[in-house]
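Q:
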Amino acid sequence: AQSVSQHNHHVILSEAASLELGCNYSYGGTVNLFWYVQYPGQHLQLLLKYFSGDPLVKGIKGFEAEFIKSKFSFNLRKPSVQWSDTAEYFCAVNSYNAGNMLTFGGGTRLMVKP
Amino acid sequence: DAGVIQSPRHEVTEMGQEVTLRCKPISGHNSLFWYRQTMMRGLELLIYFNNNVPIDDSGMPEDRFSAKMPNASFSTLKIQPSEPRDSAVYFCASRWGQGDTEAFFGQGTRLTVV
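Just so you know, the sequences run in chain order E and F.
Residue numbering for the first sequence follows the numbering used here, starting at 17 and increasing by one per position.
Residue numbering for the second sequence follows the numbering used here, starting at 637 and increasing by one per position.
(1) By the 10 Å Cβ neighbour count, where 16 or more other Cβ atoms means buried, how is residue 675 (chain F) classified, buried or exposed?
(2) Counting pairs of Cβ atoms below 8 Å between the region 20–37 of chain E and the region 110–123 of chain E, do you hit three or more?
(3) Since residue 738 (chain F) meets chain E, which of its residues come closer than 8 Å, beta carbon to beta carbon?
(4) By the criterion of Cβ-Cβ separation under 9 Å, what are the contact partners of residue 102 (chain E) in chain F?
(5) Could you spell out where the beta strand (DSSP E) holding residue 79 (chain E) opens and where it closes?
(6) Check whether the region 93–102 of chain E and the region 29–45 of chain E are in contact - that is, three or more C-beta pairs closer than 8 Å.
(7) Assuming residue 727 (chain F) is part of the beta strand (DSSP E), what are its boundary residues?
(8) Take the Cβ of residue 28 (chain E) as the centre, count every other Cβ of all protein chains shown within 10 Å, and call the residue buried at 16 or more, exposed below.
(9) Return the residues of the region 685–718 of chain F that lie within a Cβ-Cβ distance of less than 8 Å from chain E, sorted by chain order.
(10) Any idea if residue 127 (chain E) is buried or exposed, counting beta-carbon neighbours within 10 angstroms, 16 or more meaning buried?
(11) Just by C-beta distance, which residues in the region 102–120 of chain E are closer than 7 Å to chain F?
(12) Between which two residues does the beta strand (DSSP E) carrying residue 745 (chain F) extend?
(13) Along the region 644–668 of chain F, where does the CB come closer than 8 Å to a CB of chain E? Name the residues.
(14) What span of residues does the beta strand (DSSP E) with residue 120 (chain E) cover, start to end?
(15) How would you label residue 689 (chain F), buried or exposed, when you count the other beta carbons within 10 angstroms and need 16 or more for buried?
(16) If you draw a straight line from the alpha carbon of residue 10 (chain E) to that of residue 77 (chain E), how long is it in whole angstroms?
(17) Of all the residues that make up the region 21–48 of chain E, which are near chain F by a beta-carbon distance shorter than 8 Å?
(18) Going by C-alpha distance, which of F:727, F:736, F:667, F:717 is nearest residue 649 (chain F)?
(19) Tell me, which residues are paired with residue 101 (chain E) by DSSP?
(20) Here's the rule I'm using: 16 or more other beta-carbon atoms within 10 Å means buried, otherwise exposed. How should residue 25 (chain E) be labelled?
(21) Are there three or more Cβ pairs, one per stretch, closer than 8 Å when the region 45–58 of chain E is compared with the region 111–118 of chain E?
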C-alpha cells in the first residue's frame, strides 16, 4: 500500500544539537513533498515544500530538506536546534497518481532540552 | 482571510449521541480534507473533496462516519452514533489547485466521547 513513513517517533536533543528527521514514501510517479510543524496546542503549519528543481529546499526558521528521488526520501534537517523547536513534525506527500490526495506520515515528536 | 474555520473547538458528548463537526475553508480554495489525529494513529486522512465532490473516502473508519460538502464554503463531518474510540482531534484543511500548493489547516475540533 502507498504510505508515508517517518522513522523516528520521538527525538530528544539538547539545544545547539543538529537535527535530521527521516521521511520515506512509497508513491510512484510525480509527487509534491511537504514538511509541516505542529507546536503544542496549535494546528499544523507549513515548514517547507518541494515541487521541482533544486532537491535541496530551504524553509522557515532555518530548516531545510533534501529530496532524494532514488531513495524515495525527503529528510528534514536543521544544523542547530533551539528550545522553541519543540514540536511535532509531519512529512506529507501529494501524489498525482493517487488523485492528488495529501497523505501524512505518523509524525515525529521533538523535544529540545534547554 | 480568516483562514480555515472549524467549529466547535471542543465537543464533549455521551456515547451514542450524534456529533457534527463543521468546517469553512478559505475562500477560493477548491480542495478540502478532513483528518483525525490521535496519539496511537497519528494524522489520518478521512476524506478528500475536490470542487465539492468526494474524491476519496477510503479513510472513513466505518458507516457511522459521513461527510458532506454542499457548497464551496462549507463542509460537515458527522458521527452517528458516537463511540469513546472516536475521541480525537479532527482537523479540516483546504488548498487551491491540484497538489502543488500549501494546504492550510484549521485549529481543529477536540472531540471527547464519554
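Just so it is clear, CB atoms sit at the ideal spot from N, CA and C, and this is done for glycine as well.
From a predicted model like this one, the values you see are computed outputs, not experimental measurements.
A: Let's see:
(1) exposed
(2) yes
(3) 50, 62, 65
(4) Neighbours of residue 102 (chain E) on chain F: none; closest Cβ ~17 Å, over 9 Å.
(5) That residue, residue 79 (chain E), is in no beta strand (DSSP E); it is neither H nor E in DSSP.
(6) yes
(7) 724–731
(8) exposed
(9) 686, 691, 692
(10) exposed
(11) 106, 110, 112, 115, 116, 117, 118, 119, 120
(12) 745–749
(13) 667
(14) 117–120
(15) exposed
(16) There is no way to answer for residue 10 (chain E), as the model of chain E reaches only from 17 to 130.
(17) 48
(18) F:717
(19) Beta-bridge pairing links residue 101 (chain E) to no other residue.
(20) exposed
(21) yes
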